[in-house]
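First to last, the protein sequences are chains A and B. Be aware that the first sequence starts at 0, since it is given in numbering that gives the first Met the number 0, and climbs by one per residue. Be aware that the second sequence starts at 0, since it is given in numbering that gives the first Met the number 0, and climbs by one per residue. Every residue, glycine too, gets a C-beta built ideally from N, C-alpha and C.
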Amino acid sequence: MIQRYRASAGIMLTPAATLIGIFILLPMLLTVWLSFQDWSTQTPFSSASFIGLDNFREIFGPTSVGRDFKGALTNTAIYTALSVVLILPLSVTFGLMVYQHDVAGGTALRTVLFSTYMVPMIAVALVWSKLYSPSEGPLNQMLGLVGVGPQPFLSSPRSALISIVFLNVWQQVGYFTVLAIAGLTQIPGSLYEAAKLDGANRFEQFRFITLPLMRRTLLFSAVIAIINAVQVFEPVALITQGGPVGSTNVLTYHIRRVGIERAQGGLGSAMAVMLMLSLIVVVCALFALANRKDQE
Amino acid sequence: MSAGSSSWFARRRPSGRKALLATLMLLVAVASAFPLVWMVLSSLKTPAESMQVPPVWIPHTPSLDAYEKVSGVVNVGRSMWNSLVIALITTAGILVTSMMAGYAFAKYHFPGRSLLFSVLIATMFLPPIVTLIPLYRLVGSIGLNASLAGIIVPNLANAFGIFLMRQFIAGVPDDLIDAARMDGASELLILFKIVAPSVAPAIAALALFAFVYHWNSYLWPLTVLQGNADAYPIVISLSRLLSYNRGAVNTGLVMAGATLAVLPPLILFVFLQRFFVDSIVGSAIKG
Chain A
0 MIQRYRASAG
10 IMLTPAATLI
20 GIFILLPMLL
30 TVWLSFQDWS
40 TQTPFSSASF
50 IGLDNFREIF
60 GPTSVGRDFK
70 GALTNTAIYT
80 ALSVVLILPL
90 SVTFGLMVYQ
100 HDVAGGTALR
110 TVLFSTYMVP
120 MIAVALVWSK
130 LYSPSEGPLN
140 QMLGLVGVGP
150 QPFLSSPRSA
160 LISIVFLNVW
170 QQVGYFTVLA
180 IAGLTQIPGS
190 LYEAAKLDGA
200 NRFEQFRFIT
210 LPLMRRTLLF
220 SAVIAIINAV
230 QVFEPVALIT
240 QGGPVGSTNV
250 LTYHIRRVGI
260 ERAQGGLGSA
270 MAVMLMLSLI
280 VVVCALFALA
290 NRKDQE
Chain B
0 MSAGSSSWFA
10 RRRPSGRKAL
20 LATLMLLVAV
30 ASAFPLVWMV
40 LSSLKTPAES
50 MQVPPVWIPH
60 TPSLDAYEKV
70 SGVVNVGRSM
80 WNSLVIALIT
90 TAGILVTSMM
100 AGYAFAKYHF
110 PGRSLLFSVL
120 IATMFLPPIV
130 TLIPLYRLVG
140 SIGLNASLAG
150 IIVPNLANAF
160 GIFLMRQFIA
170 GVPDDLIDAA
180 RMDGASELLI
190 LFKIVAPSVA
200 PAIAALALFA
210 FVYHWNSYLW
220 PLTVLQGNAD
230 AYPIVISLSR
240 LLSYNRGAVN
250 TGLVMAGATL
260 AVLPPLILFV
270 FLQRFFVDSI
280 VGSAIKG
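As structure tokens, then:
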């Protein structure tokens, strides 16, 4: 019997394991291997030649390769941090709005918020490039109505990256709101009843019950938000091409430009490895922080 | 929503608080809906209306001219068809591979199970850019570059699907499966005839997620197609509209294109959002 199911397990797992093995795990190992090679993306893997840490030296070096990469790394870090810092509090706020029973329309609000998550990023980029348009864009016209002068948005190096963050937050916050609602449903109502008997006001209930019990949800949301944020590509590729003056040159865009368009596969792979390592460090740090709080 | 939740905002409160909350909720909804509403309204404007200052928010005489003009710039029919083929085949593949692997992880005991599961699940957190360069070369070397197959084949299995299916199949009673085994049913038959119907909502959710994700997907098709316009999905074709994005005169055209690409996933969502929401909630809580 056991033997028979072992064979079945093999059959059941083969399609998924083979596909993921060939198209995700193997390329991941190749990325690591290529990061130590001098290799052009237009040539077979066999033409790669080992050059030790030269690719890493170059992407952190003083030349334009190094400057561009370090700029992209910094831009991605800023972009990711801003996205998370905006998305998490908004998702909890919106989650509380949906998950209350005093004012009707919570489910409708959830539907509206979540619908933006279904929209292809390319359409988001097209629409927002128009909304942000400095002269005739609706955003500047609305700002004009409340007496604020026209903003340059995507056309100034000072505001381009944050403008893309806003677009990203607009698109994704509905998804994280649903995650927040999932977390809120897990909190037993009796805790609030008990807190009220103890005379806790609404803010204290939020601070000492809602937030602590939402920690796992928020951790999960933060990890997903970070991983989503480093993938930003379409608005940059479509609207800004990394500019103005490199201010929106983010890693996914930059790695593709170096590794695919310029066919510098070794250099691009070294950048991809650094991205992977940075992600691992940040996610581990988040988990460590959450665990330490758990032990308090 | 479960009971007991009304305690967060206490029941007795001044109505001013309710009015404030309602206003805030309305503002959030309007801000969230505005870009898409504006997109659709703009797609119905004539070029003259698009250029008017101060702006016309709602077109006086809605016209579908912009949609006709889009078809002159990009091959809308062909692109929509390509997107449909990509999204449907990829989704079907993901469903089959995820159900099979999810069943194995949920209902079989075999050596190395948790290790294999961890390795597969870890790929869920891998941004696609990390594997893009070697994958591009790999897919080229098996001759799938610049084709729909090149877009589809690498995506026929993914960790999220396996994870979701395992979570839900684990809840199917073992007795049900054992009874079918007693009757001599094969494992594949059990999976598709007995297990699948009892996790139908999760399968629906996965199907919707996969369809929308691969309809919207941009980075991989752009990379693998190498400019083969015959195979462009709609999202790639749309980037051609960008050259029309300078100045207000062609706003209608660009927004018509965007609207076309948005409609299929949005319509699916409106009708089936319950499944989307349930599966996100399910995967977050059980995870």
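Identity of the residue in A:Pro133, A:Leu138, A:Gly242, A:Val172 nearest Thr160 (chain A) by Cα = The displayed chain sequence assigns Leu, not Thr, to residue 160 (chain A). Ranking the options by Cα distance to Leu160 (chain A), first place goes to A:Gly242.
Kindly list, in the order they appear in chain A, the residues whose Cβ is closer than 8 Å to that of Ala100 (chain B).
-> Simply Met11, Leu12, Pro14, Ala15, Ala16.
Indicate whether Tyr116 (chain A) and Gly65 (chain A) have their beta-carbon atoms separated by less than 8 Å.
-> no
Could you spell out the range, first to last residue, of the alpha helix (DSSP H) harbouring Ile202 (chain B)?
-> 199-215
Helix, strand or coil for Phe232 (chain A), going by three-state DSSP, please let me know.
-> The answer is coil: DSSP assigns Phe232 (chain A) none of H, G, I, E or B.
Output, in chain order, the set of chain B residues within a Cβ distance shorter than 9 Å of Met96 (chain A).
-> The answer, in chain order, is Leu20, Leu23, Met24, Val27.
Short CB-CB distance (under 8 Å) between Phe22 (chain A) and chain B | True, the Cβ-Cβ gap to chain B drops below 8 Å.
Coarse secondary structure for Phe116 (chain B), derived from DSSP in three states = helix
Assign Arg165 (chain B) to one of two classes, buried (16 or more other C-beta atoms within 10 Å of its C-beta) or exposed (fewer than that).
-> buried
CA nearest to the CA of Ile223 (chain A), picked from A:Phe55, A:Gln294, A:Leu278 | Of the candidates A:Phe55, A:Gln294, A:Leu278, the residue whose Cα lies closest to the Cα of Ile223 (chain A) is A:Leu278.
Which residues, in chain order, does the segment 122-136 of chain A contribute to contact with chain B at a C-beta distance below 7 Å?
-> Ala122, Leu125, Val126, Trp127, Ser128, Lys129, Leu130, Glu135
Helix, strand or coil: how does DSSP classify Gln41 (chain A) here?
-> coil
Taking 8 Å as the CB-CB limit, is Thr247 (chain A) close to chain B?
-> Under the Cβ criterion of 8 Å, Thr247 (chain A) is not counted among the residues facing chain B.
For Gln185 (chain A), which three-state DSSP category applies?
-> Three-state result, Gln185 (chain A): coil.
According to DSSP, residues forming a beta bridge with Gln263 (chain A) | A:Ser39
Where the segment 113-133 of chain B meets chain A: residues whose CB sits under 8 Å from a CB there = Leu115, Val118, Leu119, Thr122, Phe124, Leu125, Pro126, Pro127, Ile128, Val129, Thr130, Leu131, Ile132, Pro133
Kindly list, in the order they appear in chain B, the residues whose Cβ is closer than 7 Å to that of Ala8 (chain A).
-> Proximity of chain B to Ala8 (chain A) at the Cβ level (cut-off 7 Å) is accounted for by Ala103, Tyr107, Phe109, in chain order.
Round the Cβ separation of Gln170 (chain A) and Val123 (chain A) to the nearest angstrom and send it over; I've been treating them as touching at under 8 Å.
-> 5 Å
On the premise that Ala86 (chain B) lies in contact with Trp214 (chain B), defined as a C-beta separation below 8 Å, what is that separation, rounded to the nearest angstrom?
-> 4 Å
Give the DSSP-derived three-state secondary structure of Phe167 (chain B) in the structure shown.
-> helix
Which one of A:Arg215, A:Val272, A:Ser189 has the shortest CA to CA distance from Ser204 (chain A)?
-> The sequence given here has Gln at residue 204 (chain A), not Ser. Here the closest residue by C-alpha is A:Ser189.
Please state whether DSSP places Phe175 (chain A) in a helix, a strand or coil.
-> Three-state DSSP puts Phe175 (chain A) in a helix.
Selected residue, minimal CA-CA separation from Val36 (chain B), among B:Met254, B:Asp277, B:Phe268 | B:Met254
Within 10 angstroms of the Cβ of Met181 (chain B), are there 16 or more other Cβ atoms? Answer buried if so, exposed if not.
-> exposed
Among A:Leu266, A:Val282, A:Gly198, nearest to Phe68 (chain A) - alpha-carbon criterion = A:Leu266
Taking the alpha-carbon positions, what's the Leu250 (chain A) to Pro133 (chain A) distance?
-> C-alpha of Leu250 (chain A) to C-alpha of Pro133 (chain A): approximately 27 Å in a straight line.
Nearest chain A C-beta to Ala199 (chain B) closer than 8 Å, yes or no?
-> no
Step through the CB atoms of chain B and report whether any lies within less than 8 Å of the CB of Leu33 (chain A).
-> yes
Rounded separation between Ala103 (chain B) and Ala209 (chain B) - CA only | So the two alpha carbons sit approximately 21 Å from each other.
Quick one: any contact between the segment 13-22 of chain A and the segment 116-127 of chain B, if contact means 3 or more CB pairs under 8 Å?
-> yes
Consider the C-beta atom of His108 (chain B) and the heavy atoms of the ligand GTP; say whether any pair is separated by less than 7 Å.
-> This structure simply doesn't include the ligand GTP, nor any ligand for that matter.
Name, please, each residue of chain B whose Cβ falls closer than 9 Å to the Cβ of Arg255 (chain A).
-> Ile128, Leu131, Ile132, Leu218, Leu221, Thr222
Report the three-state DSSP secondary structure of Ser90 (chain A) (helix, strand or coil).
-> helix
Thinking just about the alpha-carbon of each residue, which of A:Thr106, A:Met11, A:Gly9, A:Ile86 is nearest to the one in Val168 (chain A)?
-> Checking every option, the nearest Cα to that of Val168 (chain A) belongs to A:Ile86.
Work out the CA separation of Ser220 (chain A) and Ile186 (chain A) for me, nearest whole Å.
-> 17 Å
For Gln272 (chain B) and Ser146 (chain B), the rounded distance between their alpha carbons = 32 Å
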